[in-house]
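See structure below.
2 protein chains.
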Amino acid sequence: MRADARRKYDRIVEAATEVVVEQGTDASLNEVARRAGVGPGTLYRHFPTREDLINAVMTNWVERIQAIAEAAVGSTQPPRGLLLSWFEGVVAHIGEHSGFPARLIAAMDDPQSHLHGKCEVLIAANARVMHRLSADGALRGGADSAEICRLVMGIAVVADEGKLAPPAVHPMLAIVADGLLT
Amino acid sequence: MRADARRKYDRIVEAATEVVVEQGTDASLNEVARRAGVGPGTLYRHFPTREDLINAVMTNWVERIQAIAEAAVGSTQPPRGLLLSWFEGVVAHIGEHSGFPARLIAAMDDPQSHLHGKCEVLIAANARVMHRLSADGALRGGADSAEICRLVMGIAVVADEGKLAPPAVHPMLAIVADGLLT
DNA sequence: ACCTGAACACCGTTCAAGT
DNA sequence: ACCTGAACACCGTTCAAGT
Numbered sequence: 006m007r008a009d010a011r012r013k014y015d016r017i018v019e020a021a022t023e024v025v026v027e028q029g030t031d032a033s034l035n036e037v038a039r040r041a042g043v044g045p046g047t048l049y050r051h052f053p054t055r056e057d058l059i060n061a062v063m064t065n066w067v068e069r070i071q072a073i074a075e076a077a078v079g080s081t082q083p084p085r086g087l088l089l090s091w092f093e094g095v096v097a098h099i100g101e102h103s104g105f106p107a108r109l110i111a112a113m114d115d116p117q118s119h120l121h122g123k124c125e126v127l128i129a130a131n132a133r134v135m136h137r138l139s140a141d142g143a144l145r146g147g148a149d150s151a152e153i154c155r156l157v158m159g160i161a162v163v164a165d166e167g168k169l170a171p172p173a174v175h176p177m178l179a180i181v182a183d184g185l186l187t
Numbered sequence: 006m007r008a009d010a011r012r013k014y015d016r017i018v019e020a021a022t023e024v025v026v027e028q029g030t031d032a033s034l035n036e037v038a039r040r041a042g043v044g045p046g047t048l049y050r051h052f053p054t055r056e057d058l059i060n061a062v063m064t065n066w067v068e069r070i071q072a073i074a075e076a077a078v079g080s081t082q083p084p085r086g087l088l089l090s091w092f093e094g095v096v097a098h099i100g101e102h103s104g105f106p107a108r109l110i111a112a113m114d115d116p117q118s119h120l121h122g123k124c125e126v127l128i129a130a131n132a133r134v135m136h137r138l139s140a141d142g143a144l145r146g147g148a149d150s151a152e153i154c155r156l157v158m159g160i161a162v163v164a165d166e167g168k169l170a171p172p173a174v175h176p177m178l179a180i181v182a183d184g185l186l187t
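Taken in sequence, the protein lines are chains A and B. With this note's numbering, letter number 143 in the first sequence gets 148, and the count goes up by one each step, no holes. With this note's numbering, letter number 117 in the second sequence gets 122, and the count goes up by one each step, no holes.
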């Protein structure tokens, strides 16, 4: 990639991050191009699909979700508290950008999607937490990590769409936790 | 309402039903007007907002959800099976029109929405089922009907967005059922 | 090799003009 | 009283023309 192209690329991602934070994942791409000081064609050249762009905006999302999982695995809390704070972390982190939960769910069952890798990261992170609880004999068993992630992502959509504050999300997560624990 | 207006009104709802069944709740309103053989202005005169139109399309949704709840309340199944088939019925019925689950969730916390009444119907129907299970001492208690509905609607969104078949939805509902039952 | 920006087909929404 | 359909501002996406 030529130096000037690289520069434009960076400006686009920068602008996209701004716009997505303000207006969510469904924001106008022309607006992004406008704010980046770039023609629409240039945006499409670098990011042929909207998911490509979102994927670029969410680059460090991966590390953060892994860090949250790590914290849960290393926690000394009792199982229920540990599971709940992990779930709360996931919902908060996924829901930080409005529209993102719904896109993640769609990407889950579509290996074509550029966001599919992010789903796999989440599933793996969740599996680590489940494994830790399983070692303590705290888990009922029988539930696949992908299923659990889908469920929690569904709650993230509810929180996003209904603009719910964390305390309003808690009761739903509590039901799920009770369903998973022995 | 004048007779000719009434006729146009009916044709719009008819066309909207068709289009929503084919393309979901986000379908083009101009397309609806086109198919109804009506100017866009006429559509807006009868249905100032998109939710107004969807609400009209979903008129008999109410009776059907109540019938499903009735069937569950009168069932002789053991609690877990009863709860699961109620939930499955709800997810299937809500998810019949793509995009509808997400709209219902948004309407839940927005009393302004014309779809808000539909949410209340669902919450009431679910409360009846919960009451029946509670009488059998099968419920853990502590969960509000609205919370449970939100959770199930979240699963409906997951099913909708991920185009999941009923068997793929079952594991998530099972976790929720286990979380609610004693 | 890369970018621009006009152009196209679409959408939601409004409102003067008609009957 | 009710309807029409042209009109407006927007959007996603493409592609000839430029550097």
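Glycine is no exception: its CB is placed at the ideal position from the N, C-alpha and C atoms. As the structure is a prediction and not an experimental result, all values here were calculated from the model.
Chain A beta carbons: is any one of them nearer than 8 Å to that of D114 of chain B?
On the second sequence, residue 114 of chain B is found 109 positions in, with the first residue counted as 1. It does: the Cβ of D114 of chain B has a partner Cβ on chain A nearer than 8 Å.
Under 8 Å, Cβ to Cβ, is there at least one residue of chain A near D149 of chain B?
For the purposes of this step, residue 149 of chain B is taken as the residue at position 144 of the second sequence. For D149 of chain B, the answer is yes, since a Cβ of chain A falls inside 8 Å of its Cβ.
Against chain A, which members of the region 69–94 of chain B pass a CB distance test of less than 8 Å?
none
Going by beta-carbon coordinates alone, are A21 of chain B and L58 of chain B separated by less than 8 Å?
Within the second sequence, numbered from 1, the residue matching residue 21 of chain B stands at position 16. Within the second sequence, numbered from 1, the residue matching residue 58 of chain B stands at position 53. Yes, they are a contact pair.
Relative to the alpha-carbon of W91 of chain B, which residue among B:I110, B:F105, B:A111 and B:R69 has its alpha-carbon at the smallest distance?
Locating residue 91 of chain B in the second sequence gives position 86, counting from the first residue. Per the Cα distances, B:R69.
When the distance is taken between beta carbons, is I160 of chain B closer than 8 Å to G159 of chain A?
Counting from one through the first sequence, the residue named residue 159 of chain A turns up at place 154. Counting from one through the second sequence, the residue named residue 160 of chain B turns up at place 155. Going by C-beta atoms, G159 of chain A is nearer than 8 Å to I160 of chain B.
I want to verify the contact list: residues of chain A whose CB lies under 8 Å from the CB of M158 of chain B, in sequence order.
Here residue 158 of chain B refers to the residue found at position 153 of the second sequence. The answer, in chain order, is V163.
Does any CB atom of chain B fall closer than 8 Å to the CB of A212 of chain A?
Since the first and last residues shown for chain A are 6 and 187, residue 212 of chain A lies out of range.
Going by DSSP, what residue range makes up the alpha helix (DSSP H) through D15 of chain B?
For the purposes of this step, residue 15 of chain B is taken as the residue at position 10 of the second sequence. It spans A8 to Q28 - the alpha helix (DSSP H) in which D15 of chain B sits, taken as one unbroken run.
Option in A:E152, A:V134 and A:R145 with minimal Cα separation from L89 of chain A
What you label residue 89 of chain A is simply residue 84 of the first sequence in a count that begins at 1. Measuring from the Cα of L89 of chain A, the nearest candidate turns out to be A:V134.
Looking at the strands, I want to know which residues DSSP matches up with L186 of chain B.
Here residue 186 of chain B refers to the residue found at position 181 of the second sequence. Paired residues: B:L144.
Euclidean distance between Cα positions of P171 of chain A and N35 of chain A:
Numbered from its first residue, the first sequence carries residue 171 of chain A at position 166. Numbered from its first residue, the first sequence carries residue 35 of chain A at position 30. Cα to Cα, P171 of chain A sits roughly 33 Å from N35 of chain A.
Determine the DSSP secondary structure at P172 of chain B, reduced to helix, strand or coil.
Here residue 172 of chain B corresponds to residue number 167 of the second sequence, with the count starting at 1. Residue state, collapsed to three classes: helix.
For A129 of chain B and S150 of chain B, I'd like the C-alpha separation in whole angstroms.
To locate residue 129 of chain B, count along the second sequence from 1; it is residue 124. To locate residue 150 of chain B, count along the second sequence from 1; it is residue 145. The straight-line gap from Cα to Cα measures roughly 8 Å.
P53 of chain A to H102 of chain A, Cα distance in whole Å?
Indexing the first sequence from 1 puts residue 53 of chain A at position 48. Indexing the first sequence from 1 puts residue 102 of chain A at position 97. C-alpha separation (whole angstroms): 21 Å.
Interfacial residues, the region 25–42 of chain A to chain B, with Cβ spacing under 7 Å:
none
Closer than 8 Å by beta-carbon distance: list the chain A residues that pair up with P176 of chain B, in chain order.
On the second sequence, position 171 is the one that residue 176 of chain B refers to. Those are A148, D149 and E152, listed as they occur along chain A.
Flag V67 of chain B as yes if its beta-carbon sits less than 8 Å from any beta-carbon of chain A, otherwise no.
One-based indexing of the second sequence puts residue 67 of chain B at position 62. Cβ-Cβ to chain A under 8 Å: no for V67 of chain B.
Taking 8 Å as the threshold (beta carbon to beta carbon), is A97 of chain A in contact with chain B?
The count along the first sequence starts at 1 and reaches residue 97 of chain A at position 92. No, A97 of chain A lies away from the interface with chain B (no Cβ there is under 8 Å from its Cβ).
Give the range of the alpha helix (DSSP H) segment to which S118 of chain A is assigned.
Numbered from 1 along the first sequence, position 113 holds the residue referred to as residue 118 of chain A. Premise fails: S118 of chain A is in no alpha helix (DSSP H) and is neither H nor E.
Listing by chain order, which chain A residues have their CB less than 7 Å from the CB of I180 of chain B?
Here the question's residue 180 of chain B lines up with position 175 in the second sequence. Per Cβ cutoff of 7 Å: A148, L156, V181, G184 and L185.
Hey, could you find the ends of the alpha helix (DSSP H) H51 of chain A is sitting in?
If you number the first sequence from 1, residue 51 of chain A lands on position 46. Segment P45 to H51, the alpha helix (DSSP H) holding H51 of chain A.
Around the C-beta of K168 of chain B, are 16 or more other C-beta atoms found within 10 angstroms, so that it is buried, or is it exposed?
For this step, residue 168 of chain B is matched to residue 163 along the second sequence. Exposed, since its Cβ has fewer than 16 Cβ neighbours within 10 Å.
Starting from the beta carbon of R145 of chain B, find every residue of chain A whose beta carbon is closer than 8 Å, and list them in chain order.
For the purposes of this step, residue 145 of chain B is identified with residue 140 of the second sequence, where counting begins at 1. Going along chain A in sequence order, the residues near R145 of chain B (Cβ under 8 Å) are D183.
Identify the contact partners of I110 of chain B in chain A, using a Cβ-Cβ distance below 8 Å as the criterion.
As a position in the second sequence, residue 110 of chain B is number 105, starting the count at 1. Under the 8 Å cutoff, chain A gives V162, V163, E166 and G167.
Let me know the secondary structure DSSP gives A112 of chain A once reduced to three states.
Against the first sequence, residue 112 of chain A aligns to sequence position 107. It is helical.
Where does M101 of chain A fall in DSSP's three states?
For the purposes of this step, residue 101 of chain A is taken as residue 96 along the first sequence, with counting starting at 1. The amino acid at residue 101 of chain A is misidentified as Met; the sequence shows Glu. Correct three-state label for E101 of chain A: coil.
Buried or exposed by the 16-neighbour rule on C-beta atoms within 10 Å, applied to G184 of chain A:
Counting from one through the first sequence, the residue named residue 184 of chain A turns up at place 179. Buried: at least 16 other Cβ atoms inside 10 Å.
Does DSSP put D165 of chain A in a helix, a strand or coil?
For the purposes of this step, residue 165 of chain A is taken as residue 160 along the first sequence, with counting starting at 1. Of the three classes helix, strand and coil, the one that applies to D165 of chain A here is helix, per DSSP.
First through last residue of the alpha helix (DSSP H) which encompasses Q71 of chain B
Residue 71 of chain B sits at position 66 when you count from the first residue of the second sequence. Element bounds for Q71 of chain B: W66 to V78.
DSSP state of S2 of chain A mapped onto helix, strand, coil
Since the first and last residues shown for chain A are 6 and 187, residue 2 of chain A lies out of range.
Report buried or exposed for A194 of chain B, applying the criterion of at least 16 other Cβ atoms within 10 angstroms of its Cβ.
Because chain B in this structure spans residues 6 to 187, residue 194 of chain B falls outside the shown range and cannot be described.
Closest by CA to V126 of chain B, which one among B:Q71, B:R16, B:Y14 and B:V43?
What you label residue 126 of chain B is simply residue 121 of the second sequence in a count that begins at 1. Answer by Cα proximity: B:Q71.
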